[in-house]
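Student:
Numbering (UniProt numbering), first residue to last: 1 to 85.
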(Lines of atoms letter the chains of each structure in order from A; the text may use other names.)
(Lines give C-alpha, C1' and ligand atoms only; values in the text may rest on other atoms or scores of the structure.)
Protein backbone atom coordinates (compact mmCIF):
# COMPACT_ATOMS: atom_id res chain seq x y z
CA UNK A 1 0.00 0.00 0.00
CA UNK A 2 1.24 3.47 -0.87
CA UNK A 3 1.48 6.00 1.93
CA UNK A 4 1.43 9.76 1.48
CA UNK A 5 4.03 11.26 3.82
CA UNK A 6 5.02 14.69 5.05
CA UNK A 7 8.10 14.65 2.77
CA UNK A 8 5.78 13.89 -0.17
CA UNK A 9 3.57 16.83 0.79
CA UNK A 10 6.59 19.11 1.16
CA UNK A 11 7.95 18.09 -2.25
CA UNK A 12 4.65 18.80 -3.97
CA UNK A 13 4.12 22.15 -2.24
CA UNK A 14 7.67 23.32 -2.91
CA UNK A 15 7.54 22.17 -6.53
CA UNK A 16 4.16 23.73 -7.29
CA UNK A 17 4.16 26.80 -5.05
CA UNK A 18 7.76 27.34 -4.08
CA UNK A 19 9.78 26.76 -0.96
CA UNK A 20 9.03 29.01 1.98
CA UNK A 21 12.00 30.11 4.06
CA UNK A 22 11.90 29.32 7.74
CA UNK A 23 9.64 26.25 7.55
CA UNK A 24 11.19 23.36 9.45
CA UNK A 25 9.51 20.36 7.84
CA UNK A 26 11.41 18.02 10.18
CA UNK A 27 9.83 19.56 13.28
CA UNK A 28 6.94 17.46 14.63
CA UNK A 29 4.75 20.53 15.14
CA UNK A 30 4.85 21.36 11.42
CA UNK A 31 2.25 18.67 10.73
CA UNK A 32 -0.23 20.63 12.85
CA UNK A 33 0.73 24.15 11.76
CA UNK A 34 -1.77 26.13 9.73
CA UNK A 35 -0.94 26.35 6.04
CA UNK A 36 -1.22 30.15 6.27
CA UNK A 37 1.48 30.14 8.94
CA UNK A 38 3.62 27.98 6.67
CA UNK A 39 3.22 30.47 3.83
CA UNK A 40 0.74 28.58 1.66
CA UNK A 41 -2.66 29.87 0.53
CA UNK A 42 -5.78 28.34 -0.99
CA UNK A 43 -4.29 28.48 -4.49
CA UNK A 44 -1.40 26.33 -3.27
CA UNK A 45 -3.92 23.85 -1.92
CA UNK A 46 -5.72 23.64 -5.26
CA UNK A 47 -2.40 23.06 -7.02
CA UNK A 48 -1.57 20.40 -4.44
CA UNK A 49 -4.89 18.66 -5.13
CA UNK A 50 -4.13 18.58 -8.86
CA UNK A 51 -0.71 17.01 -8.37
CA UNK A 52 -1.96 14.49 -5.80
CA UNK A 53 -4.55 13.37 -8.34
CA UNK A 54 -1.89 13.00 -11.05
CA UNK A 55 0.66 11.21 -8.90
CA UNK A 56 -1.49 9.19 -6.49
CA UNK A 57 -4.85 8.92 -8.22
CA UNK A 58 -6.58 10.51 -5.22
CA UNK A 59 -9.21 13.12 -5.98
CA UNK A 60 -9.35 15.98 -3.50
CA UNK A 61 -12.45 18.04 -4.30
CA UNK A 62 -11.89 21.80 -4.40
CA UNK A 63 -14.00 22.38 -1.30
CA UNK A 64 -12.06 19.75 0.63
CA UNK A 65 -8.71 21.14 -0.56
CA UNK A 66 -9.51 24.64 0.60
CA UNK A 67 -10.91 23.43 3.92
CA UNK A 68 -7.78 21.49 4.87
CA UNK A 69 -5.98 23.74 7.32
CA UNK A 70 -2.89 21.73 8.26
CA UNK A 71 -0.49 19.26 6.66
CA UNK A 72 -1.97 16.57 8.93
CA UNK A 73 -5.42 17.24 7.41
CA UNK A 74 -4.00 16.53 3.95
CA UNK A 75 -2.07 13.46 5.07
CA UNK A 76 -5.13 12.00 6.79
CA UNK A 77 -7.40 12.67 3.80
CA UNK A 78 -5.04 11.27 1.17
CA UNK A 79 -3.99 8.25 3.22
CA UNK A 80 -7.62 7.36 3.98
CA UNK A 81 -8.37 7.36 0.24
CA UNK A 82 -5.25 5.32 -0.53
CA UNK A 83 -6.28 2.75 2.08
CA UNK A 84 -9.67 2.39 0.35
CA UNK A 85 -8.04 1.58 -2.98
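By construction, the Cβ of each residue, glycine as well, lies at the ideal position given by its N, Cα and C atoms. Since the model is a prediction, treat every value here as computed from it, not as a measurement.
Just checking, does the segment 22 to 40 make contact with the segment 66 to 81 on the three C-beta pairs under 8 Å criterion?
Tutor: By the Cβ test, the segment 22 to 40 is in contact with the segment 66 to 81, since at least three Cβ pairs between them sit closer than 8 Å.
Student: Give a yes or no on whether the minimum CB-CB distance between residue 61 and chain D is below 9 Å.
Tutor: The chain inventory of the structure shown lacks chain D, comprising one protein chain alone.
Student: According to DSSP, is residue 60 part of a helix, a strand, or is it coil?
Tutor: coil
Student: Shortest alpha-carbon distance to residue 85 belongs to which of 39, 6, 56 and 63?
Tutor: Comparing alpha-carbon positions, the option among 39, 6, 56 and 63 lying closest to residue 85 turns out to be 56.
Student: Rounded C-beta distance between residue 66 and residue 42? I'm assuming under 8 Å.
Tutor: 5 Å
Student: With distances taken from CA atoms, which of 63, 45 and 34 is nearest residue 14?
Tutor: 45
Student: Please list, in chain order, all residues of the same chain as residue 79 whose beta carbon is under 8 Å from its beta carbon, the five residues on each side excluded.
Tutor: 3 and 4
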